[in-house]
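A quick write-up on the structure given underneath.
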Amino acid sequence: MSEADVQRLLAEKKIRTAVPDPETAQAEIDVARRHIASAETIMANDSTLAFTALYDAMRKGIAAHMRSRGYRVTRGAGAHAKTGEYALAALDHLDIGSHLDEFDALRDLRNQSEYEALHLDVEEVREALEHVRAIVEAIASDL
108 MSEADVQRLL AEKKIRTAVP DPETAQAEID VARRHIASAE TIMANDSTLA
158 FTALYDAMRK GIAAHMRSRG YRVTRGAGAH AKTGEYALAA LDHLDIGSHL
208 DEFDALRDLR NQSEYEALHL DVEEVREALE HVRAIVEAIA SDL
C-alpha cells in the first residue's frame with residue numbers, strides 16, 4: 108500500500124486530518140513499550156490480560172504514527188479496524204508487512220477474549236509479543 112491508500116482512507120472518511128503532534132506520539136510509544144513490558148511480566152500468571160496489553164500496545168503504536176503524521180481515526184464503529192487499515196497503508200516502507208498482516212488476527216483474538224471469554228495461552232501471547240514488539244519498535248524508529 109502507499110500514500111495513495113492513505114488518501115483513500117481520508118476520502119472514505121475512515122481517518123481524518125489533525126494537527127501533527129510528535130510529542131504526544133512519542134508519549135504513546137512510551138506507553139506502548141510499558142504495555143509490552145507489563146505483558147512480559149504477567150503472561151505466566153494471566154496470559155489473557157497480557158495479550159490484551161499487547162494488543163493495546165500495537166494499537167497505540169499505530170495511533171502514535173498517525174498522530175505524528177497528522178491523522179486520527181474517525182469516530183464511530185470499527186475504529187480498531189480503521190487503525191489496522193491505516194497501518195497497512197502507511198507503514199509499508201518499514202519492512203514489517205508480515206507482522207502487520209497479523210493485525211486483524213490479533214484483533215479477532217482480542218475481541219473473542221473480550222466478548223466471548225476466550226482464554227489465550229502463553230504460547231499465543233509469545234507469538235503476539237513477537238509481532239507487537241516488531242511493529243512498535245519499527246514505528247518508534249520512524250517517528
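Count along the sequence shown starting at 1, add 107, and that's the number in my numbering. Note that the Cβ used here is the ideal one computed from N, Cα and C, for glycine as well.
(1) Mapping DSSP to helix, strand and coil, what is Arg182?
(2) Considering Cα atoms alone, identify which of Met150, Ile149, Asp137 is closest to Ala164.
(3) Where DSSP assigns a beta bridge to Ile122, which residues make up the other side?
(4) Report back the beta-carbon spacing between Thr181 and Ile122 to the nearest angstrom; my notes put them in contact at under 8 Å.
(5) Taking the runs of the beta strand (DSSP E) that are 3 residues or longer, which of them lie wholly in the segment 109-165?
(6) Buried or exposed: Ala170, going by 16 or more other Cβ atoms within 10 Å of its Cβ?
(7) If we ignore side chains and look at the alpha-carbon of each, how far apart do Ala134 and Asn218 end up?
Result, derived from the coordinates:
(1) Within the sequence shown, the letter at position 75 stands for residue 182. Arg182 sits in coil when the DSSP states are folded into three classes, being neither helix nor strand.
(2) Mapped onto the sequence shown, residue 164 falls at position 57. Distance check between Ala164 and each of Met150, Ile149, Asp137 places Asp137 closest, using alpha-carbon atoms only.
(3) As a first step, residue 122 is located in the sequence shown; it is residue number 15 there, counting from the start. DSSP lists Val180 as partners of Ile122.
(4) Counting from 1 along the sequence shown, the entry for residue 181 is found at position 74. Counting from 1 along the sequence shown, the entry for residue 122 is found at position 15. Indeed they touch by this definition, with Cβ atoms about 6 Å apart.
(5) Listed in chain order, they are 122-124.
(6) Your numbering for residue 170 matches position 63 in the sequence shown. Its Cβ being crowded by 16 or more others within 10 Å, Ala170 is buried.
(7) Locating residue 134 in the sequence shown gives position 27, counting from the first residue. Locating residue 218 in the sequence shown gives position 111, counting from the first residue. Rounded to the nearest angstrom, the two C-alpha atoms are 26 Å apart.
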